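What follows is a short report on a single structure.
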Amino acid sequence: MKEINELNLPEDVKYTKDHEWAKAEGDTVTIGINDYAQDQLGEIVFVEMPAVGDSFSAEDEFGSVESVKAVSEMYMPVSGEILAVNEDLEDAPEKVNEDCYQSGWIIKIKASDLTEIDALMDKAAYLEMLKG
Amino acid sequence: MRYLPHTQEDIRNMLAVAGCSSLDDLFKTIPDAVKVKDGLNLPEPLSEWELNDHMENLASQNIACKGYTCLIGAGSYDHYIPAIIPYLVSRSEFATAYTPYQPEVSQGTLQGIYEFQTMVTDLLGMDIATASHYDCGTALAECALIALRKNRKADKIAVSDLVHPSHRQVIDTYLNPAGYEMVLIPHTRDGLTDMAALEAMDGIAGMAVQSPNFFGHIEDLAGFRKIADDKKCLFITSFTEALAWGLLKKPGSFGADLVAGEGQSLGIPKSFGGPGLGLLAGTSKLMRDLPGRLVGRTKDTNGQDGYVLTLSTREQHIRREKASSNICSNNGLNAMTAAMYLSTIGKIGIREIAQLNHDKAVYLKSVLTDAGFEPVFDQPFFNEFVMKAPENFKQKRTDLINRHCLFAGLDLAPYYPELTDHYLFCATEKVSKQQMDQLAKEVA
Amino acid sequence: MMTTQRPGTKGLIFNEPNVWDKSREGRCAISLPKPDVARTPLDDSLTGDAPELPQLSELDVVRHYTRLSQWNFGVDSGMYPLGSCTMKYNPKTNEVQAARQGFAGAHPLAGDDCSQGALRLMYDLEQYLAEITGFDAVTLQPAAGAHGELAGMLIIHAYHAKQGRQRSKILIPDTAHGTNPASATLCGYKSVNLKSGPKGILEPEAVAAIMDEETAGIMITNPNTLGLFEENIKEICEIVHAKGGLVYGDGANMNAIMGVVKPGKVGIDVLHLNLHKTFSTPHGGGGPGSGPVAVTKELMPFLPVPRVEKELDTFKFVTDCPDSIGRLHTFYGHFGVMVKAYAYILTMGAQGLLDVSRLAVLNANYIKESLKNTLNLPYDRPCMHECVFNDAKQQAHHITTMDMAKRLLDYGFHPPTVYFPLVVDGSFMVEPTETESKEDIDQFIDAVKAIAKEAETDPEKLTSAPVLPKVTRLDEVAAARKPCLRG
C-alpha cells in the first residue's frame, strides 16, 4: 500500500472524509473515489452504481465498490440528481484502480446546491485529515 | 476411546509444555461458578456392535426398513439410485473436506460444483445456478427476499396456494419479522393457480407459482410471465420434482426470473425429508442478487484452468449486516451427488426416466379410476395427480400399509380442508405394473 | 529438532476435463427396465428438448469423479486445523447407521405410526443435546449453523413481540462469528458493534454502558473466536437480562466445553450447535450440516414447528403451537445428519465427550505454547480449543499469513483459518481438534517452524507456494471481474 506522500491527490478536485472526490463544472459535478480509497481496497472487481434520474442528499449512500473480499460504500459529496454513470466500469472496473480521476470516474450529478461543494476539503485539508 | 489417540504419556508431556498440572487445570480461566459439577447424564457408551444392534432396532421401527411401495411424492420422491452414486459420493476426499476456501487443494469439489451449476442451468434453461441451498422451501424463501430487495416500494409477495404447503410456511417464517407479507393466490376449480385473482393484486414485489403444482398439474407459465410483466414484479417459479424437466418445457424458456427447486430426486435418498437439495437459479441480470455460494472458472499463475468460490462479497460473512440472505454452509455434498446422478443418467436417461414416470402415473390413474376412484381434475400432469377415494378407502389404505407395506397416496385434507377423501398419488419409475394392479384389486 | 518427515509429497494425479467434454452421443450409464405399461406421450405443447446432459458410460463417470476427488484434501487425508470449523475425524460407523434402509428410505410423510424409529431418534437426540448444553428444549430443524442463528434470532424476535414491545437493536461483539449480523438483519434488528477488552474478552462495563431497553439482546460466541473463554459471561447475561434483553449463544465452539460448562446454566437463553462441527458429522465440502437450537423453558413456545412429543411410549409430531416462529425447513431438518450425531453421542458417552473437550483444549494449548516464539501471539493467555496467531513477525520479510498458509499446503497440511477473526490483523487461527495425535501435531509444529525459517532465508518459497497441488495460486480477481459460472 502507498505511503501518504505517494498518493496522487490533484489540486483541482475536492475531497470528502469518506475518500470520494468531486469536481464541479457549472452545476454538473463529477464524482469518484480517490487514490487513497482505491489503494486501500486493492483490485476492484465491481462498482455498483445508482440509476440515472435517482436523487440523493449529501452524505447519502449512492453505491459501492467491491474488491475480492471487501465491500465499501460510497457517499454523496453533495446533493443532486444522477445525470450519468460511468458505464465503462461495468466491463472494466479496473479503471478505478488505474485512473481514478479521469476514466475511472463513477457518477455525474446535477447539484441542487452548489454551495455544498465549498464545504468539502481541499487537498491540504484532506491530507491533514489522513495524517490524523 | 478409539477416536482419541492420546496415551497417558502424551497427555503428561503435552500438559508440561502447556504449563498445566492436569487436564482440569487447562480450564483455569473458567470461573468455578459456571463449571459443570456433576458431569453429563447420558447413556453409557456403546461398542460398535452394540451400536449396530441399537440402530437397527430403531430403524426397524420405521416401516421403510422392510422396503415398501411408495405411491407418495409431495416433495420427496422414491427414485432408483444407481450403485455408483453412493459409492462415489462416499469418497472421503469429497465427504470429509470443508468448504473450498483453499482452492489449490479443493479443485475436486470446485470443478464438481461448477459442473453441477452448469448441469442445473441446462436442466432449467436458466443463466446461472447457485452451488445449492438447504431445500426448495428455503430456496424459495430466499427468492422472495430477492424480489423484495429489488422492488423496495412493494412489501408483498404473491404465492400460489398450490405451492407446496410447507414451502409457503417457510416463506412466511422468513418474511414476517422484517414486516413483509405473503398473500395467497387461490386456485381455480380446475386445480390451477387463479390468474384472474393474481391480476387483481397490487403492490407485489414478486409472484411465486409452482409447476408442476402441488396437485401435480402443469401450470401455464407463459401466462404468468405476462402478468409479471404487467405488474413489473419478479416472476419466481418452483418445483419439487426435478426429473420433470427431462420431459417438460424448461422454466427458463418461459422467461422465469428466478427458479427455486427441490433436487432430492437426483440420486439423493429420501432420508425422512433431509438433507435434500435446494436448487436456485436466476437470470444473469440477478447474478449479484443471488444468495449463497457460486463457483467460477479462472486461471492459476501458470495459466492453467482452475476454479474458485467467487462473488463472495454477496455473502453474509463479508457483507455482514448488509447481507439479507441466510446461508453459509449449503448442501454441497448433495449437489455433488446430483451432478453424479445427472452424469450417470445423461441426456438419454433423463428423457427415458421422465417418460417412464409419466407413463406409470397415467397407468396408475387409469387403474384407480377403474377401481372406483374419481379423477377430480382433468389437467395434464407429470407423475402426481389427485383422486377422490371411495368412502371405505381410509381403512383399506391402513390395511395396505400394514399388510403389504404399500403407501397409497397422501391424504390432502390436512392441507386443503375442503378436499376430504382426496388423495395425492405419485408413481415413479420404481413402481411396477404388477404392484399397481395389486393395489387396484385391493381397493376395488 | 526437525526430525519428523513432512507428510506432503509429490504423487501422480490425473488431468480430467469437464464432464461434458467426455460426452459421446449415444452413451448412457444407467440400464433402464423395459417399460411394462403403455407409452403415453404428453402433448407437444408441454414438452421441450431433453436437457443437454453429458452422455457417458459407467466407467467414464466413476473415473471422472475418482480423479476429481484426488485433487481434494479431506480430514481423512491429513490434519485440517481450520480454526472455528472443528474439522475432527468423521467416524465411518456413523455413515453406516445413516444409510440403513429404515432411515435413508423413510418418506417424510409416511405418518407418525410408520415413523416411530425416526421420531424416537429425534426425541432422544433432542434430550441428549439439551443435557449437554444445559437447556430445557432443543429443535433439530435448522439445516446448518447460519440457519440455526436465524432460528435463534427469530425466537428472540418472537419473544419480544409476545412481550408486547418489539426492540430495534442487537449487540454483536467484535469476537463473534462473521455470519451473526446478517442473521440479525433478517429479523429487522440493527447490529451494534461491541468492542472486546484488552484481554480479548468482553468487559461487563462495556456491555452495561450500551445495553438499554431498545436492545433486544446480545449475540455471544463463547469460547469466542479468539479461542478465549468469556470469563464474565454470567455477569454479562445478568446485565442484559436486567434490561429485558436476551442472550444468544453461538455454540459453534461447543467442542471446547462439553462436560465443562453448560451454557444454559450460566444465563444464555438460546444457543445453536453445529452437528457438523462438534458432533463429528462430515462437512461434505460445504454441507449438508445441521444447526440445532437449544432454549430455556421460557422460550420453548417459540420453537419452530413441527415439534416431536412423547406420549407414553409413542412419539408424534405436533404443529399446534400458536407462538411458534413457524416452519424453517420443508420437512424436519437434516435427519440424515442427525442420525450420525446421535450415533456419535451414543458411542462417546458422558466421559467420552468430556475427554473430547479436554483433549481438544490440550492440543490447542500445546500448539500455542510450541509456536508462540515462531509466530506472534496477540493474546498470550490460556486458550480453549483454538489459538490465534498473526504474521507480525514475518512482515519484516514481506511475508503474509496467506503466504504461510499456501506454503503449508506443500508440507501436506490444510492451512488454518486465515484473516479471521477480524479483530486480529493477519490472523492465523489454529484449531487442531482432539482427534489429532501428538505425532501429527508435532509434524505440524515442525512444518510451521520450518516455514517461518524459510520466510527469513528463502521467502520466494512462500510467495510462490503452493507448488505441489494440482494448481498454483488462482486469479480470484479475474474470476470476480468477469464471472464464468457455467461451462
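Here the protein sequences line up with chains A, B and C, keeping their order.
The first sequence runs 780 to 911 under this note's numbering.
The second sequence runs -14 to 429 under this note's numbering.
The third sequence runs 3 to 489 under this note's numbering.
For each residue, glycine too, the CB sits at the ideal point set by N, CA and C.
On a predicted model such as this, the values are computed, not experimentally measured, just so you know.
Anything in chain A within Cβ reach of residue i, meaning under 9 Å, just list it in chain order.
| i | result |
| --- | --- |
| Glu456/C | Simply none; closest approach about 24 Å. |
| His304/B | A quick correction: the sequence has Arg, not His, at residue 304/B. Going along chain A in sequence order, the residues near Arg304/B (Cβ under 9 Å) are Val850. |
Would the beta-carbon of residue i fall within 7 Å of that of residue j?
| i | j | result |
| --- | --- | --- |
| Ile69/B | Val64/C | yes |
| Gly261/C | Gly136/C | no |
| Tyr83/B | Tyr91/C | no |
| Leu271/B | Leu296/B | no |
| Gly248/B | Ser61/B | no |
| Met104/B | Ala324/B | yes |
| Ile369/C | Pro434/C | yes |
| Glu78/B | Ser71/C | yes |
| Pro53/C | Trp22/C | no |
| Ile189/B | Lys141/B | yes |
| Val432/C | Pro35/C | no |
| Asp176/C | Val425/C | yes |
Are the C-beta atoms of residue i and some chain A residue less than 7 Å apart?
| i | result |
| --- | --- |
| Met4/C | Reliability of the predicted coordinates at Met4/C is poor, the pLDDT of 48 falling under 50, and the value obtained from them is presented with this limitation in mind. Output row for Met4/C: interface = no. |
| Glu313/C | no |
| Arg26/C | no |
| Arg475/C | no |
| Thr298/B | yes |
| Glu133/C | no |
| Val420/C | no |
| Val493/C | There is no way to answer for residue 493/C, as the model of chain C reaches only from 3 to 489. |
Output needed for residue i: all residues of its chain with C-beta closer than 7 Å, excluding positions within five of it in sequence on either side, in chain order.
| i | result |
| --- | --- |
| Lys440/C | none |
| Gly119/C | Gly104 |
| Glu895/A | Ala837, Val857 and Ser858 |
| Asp146/B | Leu169, Ile170, Pro171 and His172 |
What does a CB cutoff of less than 8 Å around residue i pick up in its chain, not counting 5 residues either side in sequence?
| i | result |
| --- | --- |
| Ala44/B | Cys50 |
| Thr329/B | Pro67, Ile69, Ile70 and Gly252 |
| Met4/C | Confidence at Met4/C is low in this model, with a pLDDT of 48, below 50, so its placement is unreliable and the value that follows should be read with caution. Cβ within range, chain order: Asp448, Lys451 and Ala452. |
Starting from the beta carbon of residue i, find every residue of chain C whose beta carbon is closer than 8 Å, and list them in chain order.
| i | result |
| --- | --- |
| Arg336/B | Ala52 |
| Gly240/B | Ordered by position in chain C, no residue passes the 8 Å Cβ test against Gly240/B, which lies about 14 Å from the chain. |
| Phe825/A | Ala482 and Arg483 |
Would you say residue i reaches chain B, if we count a Cβ-Cβ gap shorter than 7 Å as a contact?
| i | result |
| --- | --- |
| Val844/A | no |
| Leu142/C | no |
| Val831/A | no |
| Cys486/C | yes |
| Arg409/C | no |
Any beta-carbon of chain C closer than 7 Å to the one on residue i?
| i | result |
| --- | --- |
| Glu822/A | yes |
| Val144/B | no |
| Ala1/B | no |
| Val847/A | yes |
| Asn315/B | yes |
| Glu78/B | yes |
Between which residues of its own chain and residue i is the CB-CB distance below 6 Å, once the five residues before and five after are set aside?
| i | result |
| --- | --- |
| Gly428/C | Asn392, Asp393 and Thr403 |
| Asn182/C | Ile174 and Met221 |
| Pro468/C | Lys408, Leu411 and Asp412 |
| Ile783/A | Leu909 |
| Arg69/C | Phe16 and Glu18 |
Below 9 Å on C-beta distance, what does residue i contact in chain C?
| i | result |
| --- | --- |
| Val850/A | What Val850/A touches in chain C: nothing, since even the nearest Cβ is about 12 Å away. |
Could you list which residues in chain A have their beta carbon closer than 8 Å to that of residue i, in chain order?
| i | result |
| --- | --- |
| Thr123/B | Those do not exist, as Thr123/B stays about 24 Å from chain A at its closest Cβ, beyond 8 Å. |
Mind listing the chain C neighbours of residue i? Cutoff is C-beta to C-beta under 7 Å, in chain order.
| i | result |
| --- | --- |
| Ile48/B | Ala112 and Cys116 |
| Val21/B | Gly261, Val262, Val263 and Lys264 |
In chain B, which residues lie with their C-beta within 9 Å of the C-beta of residue i?
| i | result |
| --- | --- |
| Glu60/C | Pro67, Ile69 and Thr329 |
| Thr435/C | Those do not exist, as Thr435/C stays about 10 Å from chain B at its closest Cβ, beyond 9 Å. |
Which residues in chain B sit within 8 Å of residue i, going by Cβ to Cβ distance?
| i | result |
| --- | --- |
| Asn255/C | Here the premise fails: no neighbours, minimum Cβ distance about 13 Å. |
| task | Check whether the stretch 200 to 213 of chain C touches the stretch 379 to 391 of chain C, taking contact to mean three or more Cβ pairs, one atom from each stretch, closer than 8 Å. | result | Three or more pairs of CB atoms, one per stretch, sit closer than 8 Å, so the stretch 200 to 213 of chain C contacts the stretch 379 to 391 of chain C.
| task | Taking 8 Å as the threshold, find out whether the stretch 124 to 142 of chain C comes into contact with the stretch 209 to 217 of chain C through three or more Cβ pairs. | result | Contact fails between the stretch 124 to 142 of chain C and the stretch 209 to 217 of chain C, because fewer than three Cβ pairs, one in each stretch, are under 8 Å apart.
| task | Would you check if the stretch 326 to 343 of chain B and the stretch 161 to 181 of chain C touch, i.e. whether three or more CB-CB distances between them fall below 8 Å? | result | In this structure the stretch 161 to 181 of chain C does not lie against the stretch 326 to 343 of chain B, because fewer than three pairs of beta carbons, one per stretch, are closer than 8 Å.
| message | Residues of the stretch 184 to 207 of chain C in Cβ contact with chain F at a cutoff of 8 Å, in chain order, please. | response | No chain F is part of this structure, whose protein chains are labelled A, B and C.
| field | contact_flag[the stretch 337 to 356 of chain B, the stretch 117 to 124 of chain B] where n(CB pairs < 8 Å) is 3 or more | value | Contact between the stretch 337 to 356 of chain B and the stretch 117 to 124 of chain B is absent, because fewer than three Cβ pairs lie under 8 Å.
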